[in-house]
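A.B. asks: Quick one: structure below, then a few questions.
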């Protein structure tokens, strides 16, 4: 028996070491894959209640006299509890026939009891906080699963979309020696077709482009079918997950399909498309297009352009991403940058204008 016990004792640390090592390896691989949601979930569940506690502390306005009075009240309650328990204990020991000697109720027992009660109160607050945090995570608009690793994947997909759009712009420019117009309007000001429509052949959508009757406006009945077709490169997965919880509802499958990206109206506007050589401020310092998450228009809408100077995530008619702190933008040189929404307005103005002559600093 002693041998078996010794063997079990020696084996326990061995298997514990293997389990801990395996846990570290799996955690490292998970983090490398960008799937940080298990650690994120555990962290939020264990610490999420602290925000509520801090909020209660900040909302409280207890003065020093009130704090002293509260401590004195707790001390009085503790003393009364001690004497009450002392009397009850003495009565119990007198009635007990098995006890040959009686002891008085000790002060340390009362103190221990008070500490235990305080810990129970604090534990109750923690349990309520964790329950609240769990409910908030379970019922939030965006599932916890998509708040970490998959959020990075969707942001990467959006950047890739913008890079494809940038390549299409440059291929169009190579073919026509200018960028497409922001929107075609006829002589009487009626909207015809958008910059996205002109880029379709360079977005691997040649067959869709050939279905469009350019002699008719984009909303003409003859053009309804092609403009109700999804162009996936114009859809930002982050916007879909933010507003539809990752699912395209049946009613959104019908009608004119959206574009989650808009052009810079300083470069593409009504019947206006610039040449790259006319952008004097530099292709790497000028915005060409960017993410939008409000006021979303159809990809066939000839008015799908905006002014970056309205700010980022600051106006329903401006640019903005589906995530916090900023949005992705396509620059004229084809690169994609994430620009914070707290960028200096003067720098944002310099990035928006193609020939403003402003100096673009760090951003």
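Numbering (the working numbering), first residue to last: 1 to 363. Ideal Cβ positions, reconstructed from N, Cα and C, are used throughout, including at glycine.
(1) Cβ of residue 212 within 9 Å of Cβ of residue 200?
(2) Spatial neighbours of residue 304 within its chain, please: C-beta separation below 8 Å, excluding the five flanking residues on both sides.
(3) Does the Cβ of residue 290 have 16 or more other Cβ atoms within 10 Å, making it buried, or fewer, making it exposed?
(4) Per DSSP, what kind of secondary structure is residue 357 in: helix, strand or coil?
(5) Output the distance between the C-alpha atoms of residue 73 and residue 92, rounded to the nearest integer angstrom.
(6) If the criterion is Cβ atoms closer than 9 Å, does the pair residue 81 and residue 114 meet it?
(7) Between the C-alpha atoms of residue 352 and residue 363, what's the straight-line distance to the nearest angstrom?
(8) Determine which residues share a DSSP beta bridge with residue 125 and list them.
(9) Would the stretch 212-232 count as touching the stretch 303-321 if we require 3 or more Cβ pairs under 8 Å?
(10) Check whether the Cβ atoms of residue 308 and residue 287 sit closer than 9 Å, and answer yes or no.
(11) Hey, quick one: how far does the alpha helix (DSSP H) through residue 206 stretch, first residue to last?
(12) Looking at C-alpha atoms only, which residue of 171, 255, 256, 280 is the closest neighbour of residue 266?
(13) Measure the C-alpha to C-alpha separation of residue 189 and residue 222 and round it to an integer number of angstroms.
(14) By a C-beta neighbour count over all protein chains shown, 10 Å radius and 16 as the cutoff for buried, is residue 165 buried or exposed?
(15) Identify whether residue 330 lies in helix, strand or coil by the three-state DSSP scheme.
(16) In angstroms, rounded to a whole number, what distance separates the CA positions of residue 398 and residue 356?
(17) Going by Cα to Cα distance, which pick from 67, 338, 359, 354 is closest to residue 347?
(18) Roughly how many angstroms lie between the CA atoms of residue 339 and residue 329, to the nearest whole one?
(19) Pull up the CB-CB distance for residue 271 and residue 169, whole angstroms please, since I reckon it's below 8 Å.
(20) Using only the alpha-carbon positions, how far apart do residue 275 and residue 337 sit?
C.D. replies: Judging by the given coordinates:
(1) yes
(2) 182, 183, 194, 195, 196, 259, 262, 263, 297, 298
(3) buried
(4) coil
(5) 28 Å
(6) yes
(7) 14 Å
(8) According to DSSP, which records beta bridges pairwise, residue 125 is partnered with nothing at all.
(9) no
(10) yes
(11) 206-210
(12) 280
(13) 20 Å
(14) buried
(15) strand
(16) No answer is possible for residue 398: the residues shown for the chain start at 1 and end at 363.
(17) 359
(18) 7 Å
(19) So it is not a contact: roughly 17 Å between Cβ atoms.
(20) 22 Å
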